[in-house]
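See structure below.
2 protein chains.
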Amino acid sequence: MLITSRKNETAVKSRRLLSEKKIRDREGLFAAEGFKLAEEALKAGLEIEYALISEEGSEKFPQTVSLLEKNCTVFTVTNEVYQSISEQKSPQGIFIAGKILDKSVNLDKILENDKILMLDCVQDSGNLGTMIRTAEALGIEGAVLGSGCADPWSPKVLRASMGSIFRLPFCGISLSEAIDRAKEKDFTVYAAMLDGTAQRLGDLDFPKKTAVVIGNEGHGVGAEVAEKCGKLYIPIKGAESLNAAAAAAVICWELGRNDTSQNR
Amino acid sequence: MLITSRKNETAVKSRRLLSEKKIRDREGLFAAEGFKLAEEALKAGLEIEYALISEEGSEKFPQTVSLLEKNCTVFTVTNEVYQSISEQKSPQGIFIAGKILDKSVNLDKILENDKILMLDCVQDSGNLGTMIRTAEALGIEGAVLGSGCADPWSPKVLRASMGSIFRLPFCGISLSEAIDRAKEKDFTVYAAMLDGTAQRLGDLDFPKKTAVVIGNEGHGVGAEVAEKCGKLYIPIKGAESLNAAAAAAVICWELGRNDTSQNR
Numbered sequence: 065m066l067i068t069s070r071k072n073e074t075a076v077k078s079r080r081l082l083s084e085k086k087i088r089d090r091e092g093l094f095a096a097e098g099f100k101l102a103e104e105a106l107k108a109g110l111e112i113e114y115a116l117i118s119e120e121g122s123e124k125f126p127q128t129v130s131l132l133e134k135n136c137t138v139f140t141v142t143n144e145v146y147q148s149i150s151e152q153k154s155p156q157g158i159f160i161a162g163k164i165l166d167k168s169v170n171l172d173k174i175l176e177n178d179k180i181l182m183l184d185c186v187q188d189s190g191n192l193g194t195m196i197r198t199a200e201a202l203g204i205e206g207a208v209l210g211s212g213c214a215d216p217w218s219p220k221v222l223r224a225s226m227g228s229i230f231r232l233p234f235c236g237i238s239l240s241e242a243i244d245r246a247k248e249k250d251f252t253v254y255a256a257m258l259d260g261t262a263q264r265l266g267d268l269d270f271p272k273k274t275a276v277v278i279g280n281e282g283h284g285v286g287a288e289v290a291e292k293c294g295k296l297y298i299p300i301k302g303a304e305s306l307n308a309a310a311a312a313a314v315i316c317w318e319l320g321r322n323d324t325s326q327n328r
Numbered sequence: 065m066l067i068t069s070r071k072n073e074t075a076v077k078s079r080r081l082l083s084e085k086k087i088r089d090r091e092g093l094f095a096a097e098g099f100k101l102a103e104e105a106l107k108a109g110l111e112i113e114y115a116l117i118s119e120e121g122s123e124k125f126p127q128t129v130s131l132l133e134k135n136c137t138v139f140t141v142t143n144e145v146y147q148s149i150s151e152q153k154s155p156q157g158i159f160i161a162g163k164i165l166d167k168s169v170n171l172d173k174i175l176e177n178d179k180i181l182m183l184d185c186v187q188d189s190g191n192l193g194t195m196i197r198t199a200e201a202l203g204i205e206g207a208v209l210g211s212g213c214a215d216p217w218s219p220k221v222l223r224a225s226m227g228s229i230f231r232l233p234f235c236g237i238s239l240s241e242a243i244d245r246a247k248e249k250d251f252t253v254y255a256a257m258l259d260g261t262a263q264r265l266g267d268l269d270f271p272k273k274t275a276v277v278i279g280n281e282g283h284g285v286g287a288e289v290a291e292k293c294g295k296l297y298i299p300i301k302g303a304e305s306l307n308a309a310a311a312a313a314v315i316c317w318e319l320g321r322n323d324t325s326q327n328r
């Protein structure tokens with residue numbers, strides 16, 4: 065079936081899934097664009113509800129399309145209709161709507177791991193997605209997204225995460241609660257702070273079970289959360305501070321390297 | 065003097081300085097917005113040609129305004145005119161135009177240092193600015209921007225660099241030439257590659273004089289440049305790769321920590 069009208073019901077729904085969190089929440093669906101994310105979602109075993117492919121997209125990405133056809137309903141749309149849905153300047157013409165996993169009950173599972181990243185009020189979608197990608201790449205085994213974080217299922221987070229969000233176990237839950245429960249499971253929890261008197265990254269041998277909290281780009285880790293944690297400082301030589309995603313990268317590297325020996 | 069027309073000559077010039085590289089090059093001026101960048105530029109001793117302050121900005125940031133008044137011509141503009149110039153949604157109402165330093169002849173000076181970051185075709189302005197900020201923060205002493213990099217004097221790079229671009233010595237020059245000259249000055253030069261057979265970051269003790277090349281976000285380090293370098297791999301556990309700015313952060317951390325002992 066070829067969808068030729070911008071007002072087609074599926075076209076309208078798809079457009080709103082990309083742009084409106086409340087529609088994603090109501091439908092229990094996320095939306096993503098591009099062949100890379102579509103393939104990563106399939107590989108990760110996510111349930112894809114449906115896909116839209118532009119006429120151009122089906123010519124350019126026949127393999128992705130046939131993969132999708134095996135897994136869900138695929139609608140073909142005209143290039144014009146696709147462009148009216150897409151949030152991208154030069155879209156590849158591949159859109160998927162997939163089931164959001166309810167990860168809110170997953171904290172116990174996440175705490176079975178050893179190395180965890182906790183994010184306090186990371187509002188920038190690009191930063192959030194990048195941190196998830198970096199964490200997965202460097203061997204962090206789970207993430208906790210505290211209140212005030214960007215919607216992890218927004219298209220911008222999915223894109224910046226390059227699919228890591230489909231794989232890295234994470235849950236959204238109050239950090240105060242997550243920290244209390246992590247401590248019960250023998251985690252040591254640090255908050256990354258711009259505080260030269262804190263313990264210095266690089267000097268510190270992280271305990272086997274360690275969680276690190278990264279704060280908001282402008283304001284850092286909130287006081288209430290920080291109070292529950294040991295303080296961790298990345299020694300800064302020039303400049304005033306690191307961008308939150310850069311700080312996360314350095315911390316994930318140090319945290320993840322602890323057991324590099326096991327991975328060789 | 066209060067500027068009340070969007071068509072005022074200075075207003076037009078300011079708008080174009082923000083948005084057009086060719087105007088910046090022709091005038092030899094960069095343009096930046098916000099009190100933070102204005103203060104950092106002054107602190108770094110850059111020559112500010114003129115500043116624009118909106119009526120709102122002069123109420124909110126009297127200290128920055130009086131600092132600027134001591135250093136350059138300051139024009140007050142109506143909030144409407146300021147908004148017509150600004151590239152930001154909620155501008156602070158502070159604009160500066162400052163002299164671009166000709167850094168192209170600086171390679172010899174940069175090579176007097178020990179730890180250098182070289183960027184090959186980093187096209188994203190936000191990434192480029194973040195890398196400069198990260199490099200300065202973590203103790204890298206200079207940067208070389210190869211061809212294909214974003215304009216380091218663009219407002220977006222300046223903003224992402226949080227002023228580091230005013231301080232970190234850098235120059236724009238062909239990387240092939242820069243690498244040859246660095247080797248003549250006893251540098252060891254590595255290219256960060258997604259190549260598991262390369263030397264691994266973390267295993268490697270960097271020589272005293274080390275330069276590392278970070279490549280383009282999508283394509284990595286170009287073949288011609290890579291050929292001249294040792295290969296360096298960041299061990300990746302999950303995901304396929306790191307975002308270029310995250311890779312730069314991890315590498316700057318390892319490169320900069322070599323002499324943390326001197327900084328304590």
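Keeping their order, the protein sequence lines are chains A and B.
Counting with my numbering, you get residues 65 to 328 for the letters of the first sequence.
Counting with my numbering, you get residues 65 to 328 for the letters of the second sequence.
Where is the CB? At the ideal position from N, CA and C, for every residue including glycine.
Quick check: residue i and residue j, are their CB atoms within less than 8 Å of each other?
i	j	result
A:Gly-157	A:Ile-112	no
A:Met-257	A:Gly-284	yes
B:Ser-224	B:Arg-197	Before going on, a small fix: residue 224 of chain B reads as Ala here, not Ser. Going by C-beta atoms, B:Ala-224 is nearer than 8 Å to B:Arg-197.
A:Ile-149	A:Ala-102	no
B:Cys-235	B:Leu-192	no
B:Leu-82	B:Glu-151	yes
A:Ile-298	A:Ala-309	no
B:Leu-239	B:Val-208	yes
A:Ile-58	A:Lys-301	As displayed, chain A neither begins before 65 nor continues past 328, which places residue 58 of chain A out of reach and without an answer.
Who are the Cβ neighbours of residue i in its own chain at under 7 Å, not counting the five residues just before and after it?
i	result
B:Trp-217	Arg-88, Phe-94, Ile-164
B:Glu-119	Thr-140, Thr-142, Asn-143
B:Lys-247	Val-253
A:Leu-319	Lys-179, Ile-204, Phe-270, Thr-274, Val-276
B:Arg-58	The structure shown does not extend to residue 58 of chain B, since chain B spans only 65 to 328, so no value can be given for it.
Relative to the alpha-carbon of residue i, which residue among the options has its alpha-carbon at the smallest distance?
i	options	result
A:Gly-286	A:Glu-103, A:Asp-178, A:Met-182, A:Ile-298	A:Met-182
B:Ala-96	B:Leu-209, B:Arg-321, B:Leu-222	B:Leu-222
A:Met-195	B:Thr-74, B:Val-76, B:Ala-313, B:Phe-159	B:Ala-313
A:Thr-269	A:Asn-177, A:Cys-235, A:Glu-84, A:Leu-296	Residue 269 of chain A is actually Asp in this sequence, not Thr. Comparing Cα-Cα distances from A:Asp-269 to each of A:Asn-177, A:Cys-235, A:Glu-84, A:Leu-296, the minimum goes to A:Leu-296.
B:Arg-79	B:Leu-110, B:Phe-99, B:Ala-115, B:Ala-108	B:Ala-115
A:Ala-201	A:Lys-85, A:Ser-69, A:Ile-315	A:Ile-315
B:Lys-249	B:Gly-294, B:Ala-311, B:Ile-174, B:Leu-306	B:Ile-174
B:Gly-266	A:Asp-166, A:Pro-126, A:Trp-317, A:Arg-90	A:Trp-317
A:Val-145	A:Lys-77, A:Arg-245, A:Gly-302	A:Lys-77
B:Lys-107	B:Pro-126, B:Leu-131, B:Asn-177, B:Arg-90	B:Leu-131
A:Gly-210	A:Thr-137, A:Ile-237, A:Ile-278	A:Ile-237
B:Asn-307	A:Phe-251, A:Lys-134, A:Lys-86, A:Gly-190	A:Gly-190
A:Ser-305	B:Glu-241, B:Asp-259, B:Ala-199	B:Ala-199
A:Lys-272	A:Asn-177, A:Lys-86, A:Gly-162	A:Asn-177
Leaving out five residues on either side along the sequence, give the residues of the same chain with a beta carbon under 6 Å from the beta carbon of residue i.
i	result
A:Glu-104	Gly-227, Phe-230
B:Cys-185	Gly-212, Asn-280
A:Ala-290	Ala-255
A:Val-129	Ile-117, Ser-122
B:Phe-99	Phe-125, Thr-128, Gln-156, Ile-158
Which term fits residue i, buried or exposed, when burial requires 16 or more other beta carbons within 10 angstroms of its beta carbon?
i	result
B:Glu-288	exposed
B:Glu-205	buried
A:Ser-69	exposed
A:Pro-219	buried
B:Gly-121	buried
B:Arg-321	buried
A:Thr-261	exposed
B:Asp-188	buried
A:Gly-92	exposed
A:Gly-109	exposed
What does a CB cutoff of less than 8 Å around residue i pick up in its chain, not counting 5 residues either side in sequence?
i	result
B:Thr-74	Ile-67, Tyr-114, Leu-116, Phe-139
B:Gln-263	Tyr-254, Gly-294, Lys-295, Leu-296, Tyr-297
A:Met-65	Phe-139, Thr-140
A:Ile-278	Leu-181, Met-182, Leu-183, Asp-184, Val-186, Met-195, Ala-256, Val-285, Ala-308, Ala-311, Ala-312, Ile-315
A:Asp-259	Lys-295, Tyr-297
B:Lys-71	none
Inset, instruction - At 3 residues or longer, and completely inside the stretch 255-291 of chain A: list those beta strand (DSSP E) runs for me, N to C. - result: 274-278
Inset, instruction - Starting from the N-terminal side, write out each stretch of the beta strand (DSSP E) that is 3 residues or longer and does not extend beyond the stretch 69-111 of chain B. - result: 93-97
Inset, instruction - Scan the stretch 135-200 of chain A and note each continuous beta strand (DSSP E) run of 3 residues or more that stays entirely inside, going in chain order. - result: 137-141, 158-163, 179-183
Inset, instruction - Jot down the residue ranges of each uninterrupted alpha helix (DSSP H) in the stretch 222-248 of chain B, minimum 4 residues, whole runs only, in chain order. - result: 228-231, 239-248
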